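Colleague: The sequence shown runs 1 to 154 under UniProt numbering. Below is one structure. I have some questions about it.
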Amino acid sequence: NGNLNLETASRKRRKISVKYHDEDIEECYHKVRILSNNPTVTDLENSLDETQGTPRKKKFVELEEDIIRLEDTKKNLQQVIESEKQHGNEVLFRVIQSKNEDMIRYSQEKDEINRRLQGENNRNKEEINRKEEIIRRLIEENNRKEEIIRRFED
């Protein structure tokens, strides 16, 4: 409501307490209370400005500017930190993606080698079966010849 009540410290009241010494505030507070029935915080601030002049006000403004600069710096640093985190996550993602691609390529190469070996095994089995068939025929032919020889000798 803007009424001057030192117990209910508003933002403006805190600003005044940083800007001026406690004794000066107390002195001007009593002066403003005497001059006005319903003084406001703004009345107190105006009285303090008239009494104290500008040097302290300038110092307060400089402090406010320093605070604003520090807050801006803090925000910028937080943005840099977030950016670095994001960049770090992107790098980690790329490394993981690269490893996944390597594993997929390795798996495909392994599958291709297995297919070739399976084909080679099948060809070897066919070759073995063909040779076994030749051996079986040779044995049968040999058995027939032996049978013929036995008949001839008898």
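Yeah, the Cβ is synthetic: ideal placement off N, Cα and C, and Gly gets one too. Here the structure is a predicted model, which is why all the values come from computation and not from measurement.
Taking S47 and V32 to be in contact with their CB atoms under 8 Å, please state how far apart those CB atoms are, rounded to whole angstroms.
Modeller: Their Cβ separation, rounded to whole angstroms, is 5 Å, which keeps S47 and V32 in contact under 8 Å.
Colleague: Could you give the distance in angstroms between the alpha-carbon of E140 and the alpha-carbon of N124?
Modeller: Going from the Cα of E140 to the Cα of N124 covers about 24 Å.
Colleague: Cβ of C28 within 7 Å of Cβ of T51?
Modeller: Going by C-beta atoms, C28 is nearer than 7 Å to T51.
Colleague: Decide if Y106 is buried, meaning its Cβ has at least 16 other Cβ atoms within 10 Å, or exposed.
Modeller: Exposed.
Colleague: Pull up the CB-CB distance for K12 and E65, whole angstroms please, since I reckon it's below 8 Å.
Modeller: Not a contact, Cβ separation roughly 18 Å.
Colleague: Who are the Cβ neighbours of I113 in its own chain at under 7 Å, not counting the five residues just before and after it?
Modeller: Closer than 7 Å at Cβ, skipping near neighbours: no residue.
Colleague: Where do the N-terminal and C-terminal ends of the alpha helix (DSSP H) with D24 fall, by residue?
Modeller: Counting along the chain, the alpha helix (DSSP H) containing D24 begins and ends at D22 to L35.
Colleague: Going by beta carbon distance, what residues of the same chain come within less than 6 Å of R136, once the five residues before and after it are set aside?
Modeller: Excluding sequence neighbours, R136 sits near nothing in its chain.
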